[in-house]
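J.: The structure is given below, and queries will be raised subsequently.
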Amino acid sequence: MTDVTDVDVLVVGAGVLGQSVAYAVASAAPGTRVVLSGRRGPGASRAAGAMLGVLGEVTAAGVRTRHGALRLDMAVQAAAHWPAWRAAVRERAGAAARPDGYGAGTYLLLNAVSGPLDESALRAVRAAGARHGLPVEDVSPADVPGYRPLDNDRALGAVFLPHERFLDARRWLETLDAALGALPDVRRVGSGRLRADGEAYELVTRGERFRAGRVVVAAGAWTGGLLDGIDPELPVLPVVAAEGTAVSLRPGGPVPPVVLRTPNRAYACGLHAVPQADGTWYVGASAAPALRPGDAPTAGALRFLLDAGLGQLHHGLAGARVTRIHHGNRPVGLDGHPLLGNAGRPGLWVATGTHRDGLHASPLIARELAAEVLGGPPSRRLAPWRPDRAPIADWTAAEAIEEAAAHHAALAAESRMRPPLTGDWPGLLADAYRRLMEQTYARMPEGYVLPPDLAPLGYEHGPALAKLVQGHLDRLAAGAGRARSRPRR
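Here this note's numbering runs 434 ahead of the position in the sequence shown, where the first position is 1.
Listed below in structure tokens is the structure:
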């Protein structure tokens, strides 16, 4: 049997959160032996558009809820970390740190291929900007650089968000990787299996075994499978995938040094174009919730993305060369929120479920988790997202049904569905969406309200989703029962 190598901390996950946590631990405590395990695959990080957005991600429904407001607060805090965090990582990477497309400025477009969700989102963006002291500037759509929509897709209004940053995700991951390589006590290995080894944890890779008393699992949509290897009865909230597809396009002329985007809508992030370090435009992104990660984009996702991007952002891109197709799986907690912190077992932390926020929040999450792993007190900032929790339910079922039906209508509008005008077809369709959602939500176990962003998962995979939820609720109940039955000392 292969000898075991004892180390101080295991970090499992090769995406931006895993790399960032490993970097934060090793740079905060020189001499700490860190093993970072993972492999490249269809994770979220390498397919990300890397909008380091705060206001651009705001929706009216999101900020109405307690935990939605907490997510916005975390985004504001993370934005403040980025300048110093980026400078430190690039300094550590040295000459290997190539230009990463880092910049600022986002135009948020309210276009004609939308529904009421867009207008309510823009009002919420203005209110959030005022509350957090972030500027929201009215501009004419005619003055938005690089914006050439089809006439029937044109913007009805636009705002400029000068403090919203962005960068090239793939270049940033290269820089992080180079910074980790420059840290003498960090070792990077391939993917492996985790198991409990008494009070410690063991990672078994191809030909090597590592043991540590502390482990951070940051494996995105694959986190659940790794945790099962430690203890299948851990009451950690399950994580599902939100498959996303984007493309990099090389137009005939220069790319404007700003982001163009719509508000979040139709169960997804807003349509967006992000300048890249190599002179291409990243255009994204589709979103399709799934119980398990997918390994490749679908033809339908690509069709929808290109049709929307060319019509709503720049019809001249029809002649642009496709230099890359991006596909990844965003990890989403079953209640729509992240899993950040100790997993209810000594020495075990989880960092996943961040959906669209992982790259932007990575400096904040990495520093907070590193402080815990190195012996500090539990992070107050991460406390709301404890992984071994009951599903967060800021919504009533009735509220979630109405919001999900509105997203369904927005999806129809963005697909240019035009109902007949005989009778009340628009009203009939709205009623049909609502009935579909009512049936979907009625199938869910008591105590769980499906977040509207994940509604397609409910109506496409209802029985399997209900089983997944019920299994988590049962594990929570069993854990609570064991705690009550322990004798008092």
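For glycine and all other residues, C-beta sits at the position ideal for the given N, C-alpha and C.
What you are looking at is a predicted structure, and each value in this text was computed from that prediction instead of being measured.
(1) Which one of I664, R467, A512 has the shortest CA to CA distance from R621?
(2) For V446, does the three-state DSSP call read helix, strand or coil?
(3) Here's the rule: buried if 16 or more other CB atoms are within 10 angstroms of the residue's CB, otherwise exposed. What is N545?
(4) Please report the Cβ distance between A652 and G477, rounded to the nearest whole angstrom; I am assuming they are in contact, meaning their Cβ atoms lie under 8 Å.
(5) Among W715, T679, A912, P697, which residue has its Cα nearest to the Cα of G734?
(6) Determine the contact status of A702 and L694, defining contact as a CB-CB distance below 8 Å.
(7) State the start and end residues of the unbroken alpha helix (DSSP H) segment that holds V559.
(8) Check N698 in the structure and name its three-state DSSP category.
(9) Taking the alpha-carbon positions, what's the G861 to E837 distance?
(10) Report the residue from A592, R699, G567 whose alpha carbon sits nearest the alpha carbon of V578.
(11) DSSP state of G743, grouped into three classes?
(12) Got a sec? Which residues, its chain only, sit under 6 Å from A634 by beta carbon, not counting five neighbours each side?
(13) Identify which residue in I759, W519, D552, P811 has its Cα closest to the Cα of H841.
(14) For my contact list, P709 and P691 are in at a C-beta cut-off of 8 Å; report their separation, rounded to the angstrom.
(15) For G915, I'd like the list of residues in its chain whose CB is within less than 6 Å of its CB, leaving aside the five on either flank, ordered along the chain.
(16) From P666, P727, G753, T714, pick the residue whose C-alpha is nearest to that of P688; which is it?
(17) Is it buried or exposed, D662, if we count other Cβ atoms within 10 angstroms and call 16 or more buried?
(18) Please determine, among D769, E880, P797, D865, the residue with the shortest C-alpha to C-alpha distance to A827.
(19) Could you say which of A503, Q511, G475 lies nearest to R764 if we only look at CA atoms?
(20) Return the Cβ separation of Y893 and P825 in integer angstroms, given the expectation that the two are a contact with Cβ distance under 8 Å.
(21) Can you tell which of D437, G753, D585 has the C-alpha that lies nearest to the C-alpha of R640?
(22) Per DSSP, what kind of secondary structure is T466 in: helix, strand or coil?
(23) Might you give, ordered along the chain, the residues of its own chain that have their beta carbon closer than 8 Å to the beta carbon of E636, omitting 5 neighbours on each side?
(24) Cα-Cα, which of R524, N698, L907, G781 is closest to E608?
(25) Return the CA-CA distance between V681 and A911, expressed in angstroms with no decimal places.
(26) Can you give me the C-alpha to C-alpha distance between G750 and G490, rounded to a whole angstrom?
(27) Measure the C-alpha to C-alpha separation of T874 and A724 and round it to an integer number of angstroms.
(28) Report the residue ranges of all alpha helix (DSSP H) runs contained in full by the region 759 to 791; include only those spanning at least 4 residues, in chain order.
(29) State yes or no: is the C-beta of L590 within less than 8 Å of the C-beta of A700?
(30) Between which residues of its own chain and D442 is the CB-CB distance below 8 Å, once the five residues before and five after are set aside?
(31) Helix, strand or coil: how does DSSP classify H895 here?
(32) I want to know whether the region 520 to 535 touches the region 546 to 565 - three or more CB-CB distances under 8 Å.
(33) Using 8 Å as the Cβ pair cut-off and three pairs as the minimum, do the region 596 to 606 and the region 529 to 544 touch?
(34) Given that a residue counts as buried once 16 or more other Cβ atoms are within 10 Å of its Cβ, and exposed if not, what is W859?
(35) Use the C-beta contact count for G704: other C-beta atoms within 10 angstroms, 16 or more gives buried, fewer gives exposed.
(36) Determine whether the beta carbon atoms of A785 and V638 lie at a separation below 8 Å.
T.: Taking the definition as stated:
(1) Within the sequence shown, residue 621 is the residue found at index 187, counting from 1. Nearest Cα to R621 within the set I664, R467, A512: R467.
(2) Translated into positions along the sequence shown, residue 446 becomes position 12. If DSSP states are grouped into helix, strand and coil, V446 belongs with the strands.
(3) If you number the sequence shown from 1, residue 545 lands on position 111. N545 should be labelled buried.
(4) The residue given as residue 652 occupies position 218 in the sequence shown. The residue given as residue 477 occupies position 43 in the sequence shown. So it is not a contact: roughly 10 Å between Cβ atoms.
(5) Numbered from 1 along the sequence shown, position 300 holds the residue referred to as residue 734. The shortest C-alpha separation from G734 is found at T679.
(6) Within the sequence shown, the letter at position 268 stands for residue 702. Within the sequence shown, the letter at position 260 stands for residue 694. A702 places its beta carbon 8 Å or farther from that of L694.
(7) Here residue 559 refers to the residue found at position 125 when the sequence shown is read from its first residue. In the DSSP assignment, V559 falls within the alpha helix (DSSP H) that extends over 550 to 566.
(8) Numbered from its first residue, the sequence shown carries residue 698 at position 264. DSSP places N698 outside both helix and strand once states are collapsed to three, so it counts as coil.
(9) For the purposes of this step, residue 861 is identified with residue 427 of the sequence shown, where counting begins at 1. For the purposes of this step, residue 837 is identified with residue 403 of the sequence shown, where counting begins at 1. Cα-Cα distance, rounded: 16 Å.
(10) Against the sequence shown, residue 578 aligns to sequence position 144. The shortest C-alpha separation from V578 is found at A592.
(11) Locating residue 743 in the sequence shown gives position 309, counting from the first residue. The answer is helix: DSSP assigns G743 an H, G or I state.
(12) As a first step, residue 634 must be located in the sequence shown, where it is residue number 200. Sequence-distant partners of A634 (beyond 5 residues in either direction) whose C-beta falls short of 6 Å from its own C-beta, in its chain, are R645, G647.
(13) Taking the first residue of the sequence shown as position 1, residue 841 is located at position 407. Closest by alpha carbon: D552.
(14) Counting from one through the sequence shown, the residue named residue 709 turns up at place 275. Counting from one through the sequence shown, the residue named residue 691 turns up at place 257. Their Cβ separation, rounded to whole angstroms, is 6 Å, which keeps P709 and P691 in contact under 8 Å.
(15) Here residue 915 refers to the residue found at position 481 of the sequence shown. Closer than 6 Å at the Cβ level, and outside the excluded window around G915, lies no residue.
(16) The count along the sequence shown starts at 1 and reaches residue 688 at position 254. With distances taken between CA atoms, P688 lies nearest to T714 out of P666, P727, G753, T714.
(17) Locating residue 662 in the sequence shown gives position 228, where the first residue counts as 1. Classification of D662: exposed, given that the 10 Å Cβ count is below 16.
(18) Counted from its first residue, the sequence shown places residue 827 at position 393. Of the candidates D769, E880, P797, D865, the one whose C-alpha sits nearest the C-alpha of A827 is D769.
(19) Position 330 of the sequence shown, counting from 1, holds the residue named residue 764. Relative to R764, the option among A503, Q511, G475 whose CA is nearest is G475.
(20) Here residue 893 refers to the residue found at position 459 of the sequence shown. Here residue 825 refers to the residue found at position 391 of the sequence shown. Not really, about 18 Å apart at Cβ, beyond 8 Å.
(21) As a first step, residue 640 is located in the sequence shown; it is residue number 206 there, counting from the start. Looking only at D437, G753, D585, the smallest Cα-Cα distance to R640 is reached by D437.
(22) Taking the sequence shown and counting its residues from 1, the one referred to as residue 466 is at position 32. It is coil, neither helix nor strand.
(23) Taking the first residue of the sequence shown as position 1, residue 636 is located at position 202. Same-chain partners within the cutoff: V438, L628, R629, A630, R643, F644, R645.
(24) Working through the sequence shown from its first residue, we reach residue 608 at position 174. Nearest C-alpha to E608: R524.
(25) Residue numbering aside, residue 681 sits at position 247 when the sequence shown is read from its first letter. Residue numbering aside, residue 911 sits at position 477 when the sequence shown is read from its first letter. Their Cα atoms are separated by approximately 44 Å.
(26) Translated into the one-based positions of the sequence shown, residue 750 becomes position 316. Translated into the one-based positions of the sequence shown, residue 490 becomes position 56. Cα atoms of G750 and G490: separation of roughly 25 Å, rounded to the nearest angstrom.
(27) Position 440 of the sequence shown, counted from the start, is the residue given in the question as residue 874. Position 290 of the sequence shown, counted from the start, is the residue given in the question as residue 724. One C-alpha to the other measures close to 15 Å.
(28) Here no run is fully enclosed.
(29) Locating residue 590 in the sequence shown gives position 156, where the first residue counts as 1. Locating residue 700 in the sequence shown gives position 266, where the first residue counts as 1. L590 places its beta carbon 8 Å or farther from that of A700.
(30) Numbered from 1 along the sequence shown, position 8 holds the residue referred to as residue 442. Short of 8 Å from the beta carbon of D442, and not among the five residues preceding or following it, lie these beta carbons of its own chain, in chain order: T466, R467, V468, A646, G647, R648.
(31) As a working note, residue 895 is residue 461 in the sequence shown. H895 falls in the coil class under three-state DSSP.
(32) Contact fails: fewer than three Cβ-Cβ distances are below 8 Å.
(33) Contact holds: three or more Cβ-Cβ distances are below 8 Å.
(34) Along the sequence shown, read from residue 1 onward, the residue named residue 859 stands at position 425. In the assembly as shown, W859 is an exposed residue. Its beta-carbon has fewer than 16 other beta-carbons within 10 Å.
(35) In the sequence shown, the residue the question calls residue 704 occupies position 270. When all chains shown are included, G704 counts as buried.
(36) Locating residue 785 in the sequence shown gives position 351, counting from the first residue. Locating residue 638 in the sequence shown gives position 204, counting from the first residue. Going by C-beta atoms, A785 is not nearer than 8 Å to V638.
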